[in-house]
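Beneath this line is the structure, given in structure tokens, with notes to follow.
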Amino acid sequence: MPQPRYKYSPLSENEIRLMTLLPGGNDSQIRVALTTIIFTSDTNVDFEALSYTWGSTENKVDIFVGETCNDALSVTRNLAQALPYLRYVDKPRVLWIDAISVNQEDLDERSSQVKRMPNIYSRATRVLIWLGLESFDSRMAFDCLRLVASKYHVNRGNFNIIPIMKDASLWAVPGQALPLSEQQYRSILNLINRDWFERLWVCQEAHLANQDALVICGTDSILWQTIGNTMVCLQSKPCPLHIFSALAKRHDAILFLFRKISRIYRLSLFIEETKDFKCADPRDKIYALLGLLSIEDQLEIEPDYTKPVYEVYREVTLKLIHNTHILVVLQGIELNDSNKVHSWVPDWTTSRVAVSFVGCNASNASSAECIAGPGDLLQVTGKLVSRISQIEAIKITRFDVDSSKLVTQLRSIASKSSLLDNFPGPPDYIPALCEVLCSNQFAEQYRPLDLRKVNILETERFLRTVFETQDHIEGLGVENRITGKLELYCHGRSLFVTEDGRLGLAPQAAQPGDIVTVLLGCDSCIILRPVTLQHTYPSKQQYRVVGEAYCHGFMQGEAILGPLPPGFEAVEWYNENSGGVEWAYVNLETAHTDVNDPRLGALPEPWKRQRRTEEGAMYRYFLNEETGEETVFDPRLKADALRAMGVELDVFDLV
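Here our numbering is used: the first residue of the sequence shown is 66, the next is one more, and so on.
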């Protein structure tokens with residue numbers, strides 16, 4: 066006779082279910098009790114929350130509800146594997162586990178409980194992170210992690226490393242190798258390659274956990290903070306080359322999981338940071354991130370698993386633009402075959418190939434002028450910069466330890482195409498090429514200089530060796546750091562030249578005839594493809610979004626304000642007085658640094674530039690002293706203000 070199945074009772078708005086894992090020996094059946102409680106801000110209850118990977122939903126395993134085991138409940142094999150290791154022999158253990166505490170067959174309950182998960186994980190006595198069973202080297206990995214993390218303290222906000230003891234100072238020095246064997250490095254790699262580290266939902270669970278969060282692997286355990294501290298250290302340390310590439314793939318993900326979230330994080334940034342994390346339901350690409358945001362930044366998005374995926378993505382895109390007044394969401398688009406409906410709606414079901422450009426300020430501190438038109442047309446405002454005349458794909462793989470492949474590919478582009486031979490810009494194209502291929506991420510881009518980054522001169526020298534000689538590149542020392550930077554920004558992109566001689570990087574889907582634009586409220590350039598569609602649209606010319614681009618000479622507001630005056634340079638400035646990083650302008654003759662753009666006059670009355678600290682992060686804004694209005698956008702750079710200054714703006718209808 067089949068075992069009766071457990072039947073859930075409905076939950077009200079303020080209720081959650083807690084699961085009590087009943088005591089038992091190693092080989093006894095898993096028995097649980099489910100209790101419904103009112104869970105509000107006044108509720109005082111001790112429980113632990115489990116963070117784990119569901120694994121396959123096929124061939125589920127039965128656990129039993131109640132002392133008498135009358136009813137059965139099916140769970141995935143991954144969870145069934147974890148429960149015996151979480152169970153106490155002599156006392157019950159109260160847990161919240163999503164697959165058991167939420168009726169997964171009830172879509173309305175799922176939608177409702179997803180909204181409660183941030184409170185659940187942040188108020189849990191402790192979050193338990195289950196990685197799976199022990200392996201042959203998992204204990205070695207835990208021992209190595211404990212050893213490295215015992216030598217220093219890490220600031221989770223800025224990842225500064227502070228040695229704990231005098232004899233540990235070398236452990237914190239960038240570039241100083243750690244005294245770990247290849248086998249020890251391999252054990253760490255095997256551990257962080259487990260599925261938990263690439264599951265999207267763990268982003269919320271790890272960030273909201275308190276400092277007691279515990280990582281469990283079979284019978285061994287370690288503090289989550291210990292893993293995070295070690296990974297911060299490893300990012301600046303050399304390791305065996307054949308391990309480096311595999312380790313690098315996980316670094317960014319783990320550092321994101323460990324980093325303290327500040328005010329600068331918005332949904333669009335979270336989406337970009339988590340693009341390579343996985344989830345079973347594509348709607349969770351959005352819903353799994355809401356718990357990391359303030360109520361204001363959640364944009365009134367309500368989890369609804371009955372909505373089609375495209376409708377969810379379209380609504381989120383419009384809310385992001387309408388509420389933030391920036392077009393950063395367009396920077397995450399890569400035109401491909403999946404863009405079957407509207408190109409301005411990102412397809413978050415597929416991982417973006419290229420990384421986002423950083424350190425760009427193409428539209429300065431402008432706010433977007435955007436209108437949702439008829440037939441799902443999106444109208445945006447900006448400047449048409451130029452048109453692509455030649456383009457060549459850069460076919461490389463990120464994290465490839467063999468840097469000679471990148472060198473070969475760059476030399477191939479130079480020899481097989483007229484891209485650089487017919488470059489119509491200055492006779493020496495190397496400085497422009499250097500800036501473009503590395504997204505201008507050099508030590509000199511920062512004040513004070515960021516010595517962790519490569520400098521311009523050594524990168525130019527490297528590129529001259531690549532393009533002007535056939536000399537062998539060793540791929541060691543500084544060359545390895547340079548090729549790493551080149552691979553980061555060139556992967557998934559093409560090198561182009563515009564009709565007026567500008568070099569740039571664009572998505573590999575870009576082609577001759579595509580236009581390069583700077584849109585108000587968008588940090589990077591955006592490539593658009595002119596198309597003529599059905600006459601239902603009011604304009605004769607429409608455009609499809611191809612993706613973001615870096616175009617030399619247009620990444621510091623030049624399209625809107627013109628070039629900087631001679632003798633000035635835009636930098637990212639760490640202001641010791643404010644404790645924040647902001648765009649500033651250096652007078653190269655006097656070395657004076659000022660946040661005021663020399664291309665703009667004084668702020669009109671009654672506007673003032675202001676700063677304040679919120680949640681440990683510096684928040685910069687403009688204040689209208691008459692009305693009390695606050696905005697992060699420069700009032701001189703609103704579309705109407707620019708038109709009043711005589712700036713001719715273009716309007717683009719995106720379809």
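From the three backbone atoms N, C-alpha and C, an ideal C-beta is built for every residue, glycine too.
From a predicted model like this one, the values you see are computed outputs, not experimental measurements.
- Judged by DSSP secondary structure, V394 falls outside any beta strand (DSSP E) and instead within the alpha helix (DSSP H) spanning 393-396.
- Around the Cβ of G627, a 10 Å sphere holds fewer than 16 other Cβ atoms; the residue is exposed.
- Counting of Cβ neighbours within 10 angstroms places V238 among the exposed residues, the total staying below 16.
- In this model, E525 and P496 are separated by some 6 Å (Cα to Cα).
- In the three-state DSSP reduction, D715 falls in the strand class (E or B).
- Taken in chain order, the complete alpha helix (DSSP H) segments of 4 or more residues contained in the stretch 575-628 are 623-626.
- Under the three-pair Cβ rule at 8 Å, the stretch 68-76 counts as touching the stretch 135-155.
- About 6 Å separates the beta carbon of L87 from that of A98, a gap short enough to meet the 8 Å contact definition.
- Judged by beta-carbon spacing, T295 lies within the 9 Å limit of I253, meaning their Cβ atoms are closer than that value.
- Here the alpha carbon of I194 sits roughly 30 Å from the alpha carbon of T371.
- Per DSSP, G197 is one residue of the beta strand (DSSP E) stretching across 191-197.
- Per the DSSP secondary-structure output, K343 pairs in a beta bridge with R264.
- Between I456 and L584, the C-beta gap is not smaller than 9 Å, which leaves the two residues out of contact.
- For T108, the closest of N184, G397, R674 by C-alpha to C-alpha distance is N184.
- Residue environment analysis places A419 among the buried positions, since at least 16 neighbouring C-beta atoms fall within 10 angstroms of its C-beta.
- Restricting attention to beta strand (DSSP E) runs no shorter than 3 residues, the stretch 285-333 encloses them at 285-288, ordered along the chain.
- For K673, DSSP records a beta bridge to L688.
- Assignment of beta-bridge partners to L279 by DSSP yields L193, L288.
- Between T100 and S121, the C-beta gap is not smaller than 9 Å, which leaves the two residues out of contact.
- Annotation for D163: no beta strand (DSSP E) segment contains it, though the alpha helix (DSSP H) segment containing it runs 163-166.
- Listed as beta-bridge partners of A137 by DSSP are R70, F129.
- Residue burial is scored here from C-beta neighbours: L516 has fewer than 16 other C-beta atoms within 10 angstroms and is therefore classed as exposed.
- Rounded to the nearest whole angstrom, the C-alpha separation of G293 and G447 is 42 Å.
- The continuous stretches of alpha helix (DSSP H) do not include T122, and DSSP gives it neither H nor E.
- Nearest to H556 by C-alpha distance, out of G566, C503, N220, is C503.
- Annotation: the continuous beta strand (DSSP E) that includes V562 extends over 558-563.
- Put simply, the stretch 157-175 does not touch the stretch 198-216. Fewer than three CB pairs are less than 8 Å apart.
- Around D111, the same chain offers V159, T190 as residues with beta carbons nearer than 7 Å, after the five sequence neighbours per side are excluded.
- Straight-line spacing of the CA atoms in L395 and P411 works out to 7 Å.
- Distance from S432 to F698 at the Cβ level is roughly 4 Å; contact confirmed, criterion being Cβ atoms closer than 8 Å.
- A distance below 7 Å between beta-carbons, with the five flanking residues on each side excluded, links T696 to the following residues of its chain, in chain order: Y686, F687.
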